[in-house]
Amino acid sequence: MVYLGNVVLIAAVLAAIGVLAFFVIRLKSDYYKPDDLKAPYQSLYVLFGLISLATLVLLYGFITNDYNFDYVVKNSSSDMIIWYRMSALWAGHEGSFLFWIWLLSGFTAILAFTRSKTCDKLTSYALGILSGIQLFFLAFLMIATNPFVVNPTNFGIGEGINPLLLHWAMIIHPPTLFIGYAGMTIPFAYAIAALMNRDTSAEWVDRAYKWTLFAWLFLSIGILLGSVWAYVVLGWGGYWGWDPVENASLLPWLGGVALLHSFHIYRQRKSFKHWALSMSVFSFLMVIIAAFITRGGIIQSVHAFERNTTVVGFFVTVIIAIIASSIYLISTRWQLYASEHEFTSLFSRDIMYHFNNIFMVFGATIILIGAFLPLFAGGMSIGPAVYNRIAQPLGIILLFIISICALIPFGKTDMTEFAKRMAAPVGAVVLAAFPLFLYWQSLNKLITDVNPKASPPGAGWLGYVGLLVAAFGVVAVIEAIILKIATRMKASEQGLLSAIVGYFRTQGGAAGGFIAHFGMAVIVAGLVGSTLYTASVKKTIPDKTGETITVADFQLRYKGSKSETSATQEKFRTSFDVLEKSSGKVIGQIAPRMVFHKDKETTTSEVDIVYQPQRDIFVVLRAIDEKGAMNFEIKVNPLISFVWAGSIMLVLGTIIAYWPRRKKSPQNEPG
Amino acid sequence: MEARSRNRLIIVTGIVLVLLAVLLWRSSTGSLSYFKTVTELKAEKGLIGKTVKVGGEVVKGSVKRREDGVDFTISDKKSTIKISYDGTIPSTFGEGIQVIADGKYDKEDLVKADSLVTKCPSKYKSEKIETK
C-alpha cells in the first residue's frame, strides 16, 4: 500500500504540472474564449481525484494498522479506537500537509465547478494560480515531508499519541484550522488574478468574499476549540498561554479580520482597494508563516518539533517569492486602484475601519516579532506578560472603536445625529458605573480572599475601564440593530416581527456582523475577568472523608476517593461536594482525578470545574504524598463563561453572515 | 479627493502608530527574557539577576514537589542547573520531560522560575514520545 501511495503522489505532481501548463497555455492565447477554459477546469477535478486517492491510501494505512507506513508507526497504535486512528492522519506534519493540500484541491475543484458555466476570466486566472500553489505544495510534500516513507525495520506496534491529545476538541481542532488555512488561499488567488488583469471592479471581491468568510469562520472555531481544550485538559487554569503555536493560529485570523472589513468597504464604497489587495496577500502570507512556525521547526515552544533545513529553505523561498511578486504587482498598479470615495472626514466609519485594520496588522506584527525574535536577538524572547500588557489596552480600545463604528455612517458624520445616538450607550455607562464599580472592587478583593498571601492584582483601573467599555459596546451594538429594524418597519410599514425576519433574511450580512460584534463586547468583559482577576490557592488535606477546604465564599467537602485500574492506566478519582459557605447549600459536585499512564510512565491530572454564570471554580489534584495526603490547587476564574458565550455569538454571527440568502435587495450588504 | 483630508489622515495614522510603538516599548522594556540552553546560561555570568528562559530535560530523581511548587534539575546533556518553580505544575510535567522554565537567574546554579511549560510531547514530534 505504501508504494501505491508514492505512485499516486508522483502521478499527482505530474498532473499538477499538466494542469498548470494547461491553464498557462489557454490563458496566453490572444483572445479570451470561455469555451477554451472548459477543459482546464475539468482537469482540476482529475487533480483533486488523485490527491483524494493519496489521502485515502494513507487513511487506509491507519484503518488497517499497516505498519509498513513509517507515518502510521509514528502516529498511531493498534490499541487506539478506529476514530482516533483515523484522526492520526493529521497528527504529524507529513499527514497534515497532505490533508491541507487535499482540502485546497477540493476547494479549487468546487470553485471550478461553481464557475464552470461562465468560465469568467478572473476565475480562470485564480484557478491557474491555485493549481500553481497546489503544484508547489505537492512537490514540497514529496521532497521534504513525504507521508509515504517505508518503515525501515518493517516492525512496530505503533507509538500512539499523547494521552492528553485524545480529546474530542483536540481531534477536530487541527482539521478545522486547516480548512481555514486552505480557504484563505482563495482570496489571495483572486487578488493576484485581479492584479494581473488590471481589473479594478469589485468582481474579484464578490467572488472571494464568501470564501474568505467561510475560511475565517473555521479559523475562529479552530482557535476556540484549541482554547477549550487547553482549559479543560491542560490543567493550568487558563485557555490562552501566548505559546508560539497558539499565536501562529491567530496570525491568519487577524489578517482575516482586516481582509473581511476591507472587502466590505470595497464592495460598498469602491474604496479601500489597496487595503483589500494587500490584506489578501497578507492573510495568505500569515497562513504560510503559521505553517512555518508550527511545522518548520524554527521556534521553541510547548509544541516541540524538529528543525529541518529543507523545510526551512522551502518556506523562506515561498515567503520571499510571495512578498516580492505582490509588492511588484501592487506597486506597478497603485494608481489604478485608487479609491472612488476618499476620506473626507476624520470622524467616519471609514476611518474606524482604517484603524481597525492598523490594529490587526500591528497585532500580527507583534506576534511575528515575538515568534522570530529568539532567532535574531541572541535568544531574547517575549513572554506572556508582555503580550498581555499590550493586548489588554488594545482590546479595550478596539472594542471602543467597534462600538462607535456601529453608530456612525460612512463619509461624514452628522454630529447632532451622532449625539442623539450616543445617548443610550452613554446613559447605560452612567447607570452601570456604580454597580460595575462595586463588582470591580469585589474582583479586586477576590484574589486576597482566595489566597491571603497573594499579592493584589496590578491591573489598576484597566479592569474597571474594560468593564465600562464592554457595557458601552453591548448597548451601542443593540441600539444599532434596533435602529436598522426601526427604519425597516417605517419604510415598508411592517410589523416588528416581520421586520426582524425580513432584516435577517435580506441583510443577513449586516445582521450577522452586529451579532459578531456584540459577541466581541461580551468576550472583552470575559477577558477582563478571566485574565486580570484569576485567583488561586493550594491546599493539602489528608485522605479522610468529611475533610473540608474553605476558599473565599465557598467550601469543598471531601467525599472519598476511588482507584480504577485498566490495562493501560490507573485512575485515582477524588470526589467533593461544593457548598456555599454562608448557607451550606450544595452548589455542585466535582471529581478531580490523577491518571497514571502505564505505557508512557507519565502522570496527568484531569481537572474538574464547577461552572457558574459569573465564575468557574477550577480544581486540580496536583500531587499525593507517601502518607496519602492530597494537594489541590483551587482556582477561581471570574467571567470566563462570558468568553465562551461571546465566542459562540461571534461564530453564530459569522454563520448568519455566511448563510446563503435570496438576492432580492440590490444592495446586498455584507457584514 | 482633498489633499487636506488625506494629509490629516496620514498625520493621525502616524500619531496612532507612534502611540502603539510607545505601548510596545513600555510593555516590553525590562520584561524581555533571554532564551538560553543550560550550557549557554552558565557561560554568561552577566545574566545573573536578569529574566531568562532556559530549556532542558528534567533529570531523573531530581524532582521534589513542595506545597506551592516544585524543585528539580534540568540538563542539556552537557551541564545541569537547578530550577525552583512556584505555581501550577503542568499536568505533563515529570522526569525525563523537556521543559522550558521562565524566571529570574538567581544564583550561578539556580533559576527561580515563575512560568514552566512542558514541551508538549505533542503529535508534532512523535519521535520524542518515549515508548520503550
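Residue numbers (our numbering), protein chains in the order written: chain A, 336 to 1006; chain B, 7 to 138.
Glycine included, every Cβ here is placed at the ideal spot set by N, Cα and C.
All values reported here derive from a predicted model rather than from experimental measurement.
query	result
Short CB-CB distance (under 8 Å) between residue 957/A and chain B	yes
Whole beta strand (DSSP E) elements within the region 850-938 of chain A, 3-residue minimum	870-876, 883-886, 889-900, 904-915, 921-925, 928-932
Cβ-based burial, residue 17/B [other Cβ within 10 Å; buried from 16]	exposed
Identified DSSP bridge partners for residue 715/A	40/B
Proximity winner among 724/A, 593/A, 938/A, 371/A, relative to residue 685/A (alpha-carbon distances)	593/A
Chain A within 8 Å of residue 33/B, Cβ atoms only	yes
Three-state secondary structure assigned by DSSP to residue 484/A	coil
Test item: CB-CB of residue 725/A and residue 68/B under 8 Å	no
Between the CA atoms of residue 840/A and residue 742/A - distance to the nearest angstrom	22 Å
Other residues of its chain near residue 20/B: CB distance less than 6 Å, five sequence neighbours each side excluded	none
Beta-carbon separation (whole angstroms), residue 534/A vs residue 457/A, contact threshold 8 Å	6 Å
Best match in 114/B, 96/B, 63/B for proximity to residue 83/B [C-alpha to C-alpha]	63/B
7 Å Cβ shell around residue 968/A - same chain, five flanking residues per side excluded	871, 873, 955, 957
Any chain B beta carbon closer than 8 Å to residue 715/A	yes
7 Å Cβ cut-off: residues of chain B touching residue 690/A	22
Cβ pair residue 717/A, residue 687/A closer than 8 Å	no
Cβ separation of residue 584/A and residue 623/A, assumed to be a contact under 8 Å, to the nearest whole Å	About 13 Å separates the two Cβ atoms, so there is no contact after all.
Selected residue, minimal CA-CA separation from residue 842/A, among 773/A, 989/A, 574/A	989/A
The region 807-820 of chain A contacting the region 760-775 of chain A, beta-carbon criterion three pairs below 8 Å	yes
4 or more residues per run - each alpha helix (DSSP H) lying fully within the region 565-605 of chain A	579-604
Separation of residue 666/A from residue 673/A, as counted between CA atoms	12 Å
Exposure label - residue 463/A; buried when at least 16 CB within 10 Å	buried
Assigned secondary structure, residue 92/B (DSSP; H/G/I helix, E/B strand, else coil)	strand
Straight-line gap, residue 892/A to residue 778/A (C-alpha atoms, nearest Å)	25 Å
Inter-stretch contact (C-beta, 8 Å, three-pair minimum) for the region 564-581 of chain A and the region 500-515 of chain A	yes
Burial state of residue 418/A (16 or more Cβ within 10 Å)	exposed
Cβ contact check for the region 434-454 of chain A and the region 397-408 of chain A: 3 or more pairs under 8 Å	no
Burial state of residue 635/A (16 or more Cβ within 10 Å)	Low confidence applies to residue 635/A: its pLDDT is 47, below 50, so where it sits in the model is not reliable enough to give any reading.
Cross-chain neighbours of residue 968/A in chain B, by beta carbon under 8 Å	94
Continuous beta strand (DSSP E) assignments of at least 3 residues falling wholly in the region 396-480 of chain A	none
Under the three-state DSSP convention, the category residue 838/A falls into	helix
Residue 600/A versus residue 910/A - alpha carbon distance	55 Å
Opening and closing residue of the alpha helix (DSSP H) in which residue 1015/A lies	What is shown of chain A runs 336 to 1006, which leaves residue 1015/A out entirely.
Every unbroken alpha helix (DSSP H) inside the region 518-574 of chain A [4 residues or more]	520-532, 538-564
Beta-carbon contacts of residue 348/A that lie in its chain and below 8 Å, excluding the five residues immediately before and after	470, 473, 474, 477
Own chain, CB closer than 6 Å to residue 451/A, minus 5 neighbours either side, in chain order	376
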